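Each remark here refers to the structure printed beneath this line.
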Amino acid sequence: MAMKVRCTGCRKKISIDEAFAGSVCRCPYCKTINMVAGKSSSGAAGRPDTPGFRPDAPMTTAQQEAARQSATREVAATISEEHIPTADPVKVQGIVSLILIGAIVLMIGVMIYMAILIAGSGERKISEGGGTSGSGYVNPLDEKPKTVAGMNISAPVIYILDGGSGMEETFDFARVMTISSVKSLGDDQKFAVLIAGVAQGDSWFPAGGLSDANESARASLKTFLDEYIPEGSAELPAGLEKALDRAEKLKNESAVKAIVMMVSRSFGDGTSGSAAKLVERAKKLGITITIVGMTEFGKAAEGLKKFAELTGGESVSYGLDALMDWDAQRRAMEEE
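Put into structure tokens, the structure is as follows:
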């Protein structure tokens, strides 16, 4: 049967056959010679009894250590160097160490994962709030001077709302954003709203020209938007074309400076085809296009962002969950 001994040099546990009790052994780790407790009952050569130490008074720790080392040297002196047995490593302590290291690594991993989750949650709020323009945490339903969804705009402005079925869940938020943005313009500024649809056809407010952004116009606009039900597939490029047509007709009377689009899907990044022609036309008229994506688009959001930036405008995209949270906050503030 094996006995366990703690090495006095490296403090690791080592194992030696009990037949060597009362003798010495060599540590397999650091090669220190260690005394093996007990007495050998065999009396065989190379396994002499341990010299006895029976002090008249209790010894200090230092005295005990000195006595132990002296006893170890005396026993070791009776055995030739090559005959001092080498103890075996105690494998359990290695396993325990591995378990402890594994537990520490696991804890560190969990902490890093939690930190990433927390940081990711904060980034998601910023991304959804500030959209792809990176303007920070902004409630798109708040009213701030001359803004839409936290982005600055100029007036006169034409708003284009996607009237297709893709806006079925988010059209209410587009209504709120549009009315809030019109209110932020100020009573002396002008605007128009176009709902781009197919099933019900395109709908304009006002029917021709531009409207003042006063309280009476806002009330009429709210009724206009409340009556619309999104359905079918909206032709967004055609809607933008019509808005540019109206802007061109009005350029000598009241030059439109901005177009705001609220859409449920991408319609090109403005670098090729008909989308590129729309960008060039807007630039010639001195109009910046600002786009609000009403769902989380991924790569499509990047296309909208690029389209807007080519005209000097901005783009943000929002997830439905974020819009619902912000709407709840807005309603709670109104009730207060």
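My numbering applies: residue 135 is where the sequence shown begins, and numbers increase by one. Glycine residues also receive a C-beta, built at the ideal position from the N, C-alpha and C atoms. Model, not experiment: these values are computed from the prediction.
Straight through space, the alpha carbons of serine 449 and serine 388 are spaced by roughly 25 Å. One alpha carbon belongs to glycine 320, the other to asparagine 348, and they sit about 7 Å apart.
Only residues of its own chain outside the window of five on either side were considered, and among them Gly437, Lys440 and Phe441 have a CB closer than 6 Å to the CB of aspartate 403, listed in chain order. Secondary structure at methionine 301: helix, using DSSP grouped into helix, strand and coil.
Pairing glycine 156 with valine 170, the inter-Cα distance amounts to about 5 Å. The segment 368-379 makes no contact with the segment 342-356, as fewer than three CB pairs between them are under 8 Å. Where phenylalanine 401 is concerned, there is no enclosing alpha helix (DSSP H), because DSSP gives it neither an H nor an E. CA-CA distance, glycine 427 to isoleucine 233, rounds to 50 Å. Proximity to glutamate 365 across Ser315, Val327 and Gly331 peaks at Gly331, based on C-alpha coordinates. For serine 408, the uninterrupted alpha helix (DSSP H) segment begins and ends at 407-418. About 6 Å separates the CB atoms of proline 290 and phenylalanine 325; that is less than 8 Å, so the two are in contact.
For the options Arg352, Thr281, Phe154 and Tyr362, the alpha carbon positioned closest to that of aspartate 296 is the one of Tyr362.
Around the beta-carbon of isoleucine 294, 16 or more other beta-carbon atoms lie within 10 Å, marking it buried.
A direct Cα-to-Cα measurement between glutamate 152 and methionine 135 gives close to 6 Å. Three or more Cβ pairs closer than 8 Å define a contact, and the segment 208-217 falls short of that threshold against the segment 136-146. The DSSP-derived three-state label of serine 337 is strand. Minimum Cα-Cα distance from lysine 278 among the listed residues Glu369, Ser318 and Lys411 corresponds to Ser318. Here DSSP, grouped into helix, strand and coil, assigns valine 390 to coil. Of the residues assessed, threonine 422 falls on the buried side of the cut-off, its CB having 16 or more other CB atoms within 10 angstroms.
Nearest to valine 310 by alpha-carbon distance, out of Phe358, Ser288 and Ser337, is Phe358.
In the structure shown, the three-state DSSP call for arginine 309 is helix. Per the DSSP secondary-structure output, proline 223 pairs in a beta bridge with Ile148. Within its own chain, no residue has a Cβ closer than 7 Å to the Cβ of lysine 383 once the five positions on either side in sequence are excluded. Take proline 223, set aside five residues on each side of it, and the residues of its chain with a beta-carbon closer than 8 Å to its own are Lys146, Ile148, Ser149, Pro162 and Tyr163, in chain order. Under the DSSP assignment, alanine 330 falls in the beta strand (DSSP E) whose first and last residues are 324-330.
Per DSSP, threonine 422 lies in no alpha helix (DSSP H); the unbroken beta strand (DSSP E) holding it starts and ends at 422-427.
Under the DSSP assignment, leucine 438 falls in the alpha helix (DSSP H) whose first and last residues are 433-444.
Annotated three-state conformation of serine 367 is coil, per DSSP.
Burial is judged here by how many other beta carbons sit within 10 angstroms of a residue's own beta carbon; alanine 392 has at least 16 and is buried. One alpha carbon belongs to alanine 466, the other to arginine 415, and they sit about 43 Å apart. For the options Asp306, Ser314, Ser204 and Met301, the alpha carbon positioned closest to that of isoleucine 287 is the one of Ser314. Rounded to whole angstroms, the separation of the alpha carbons of threonine 424 and threonine 281 is 10 Å.
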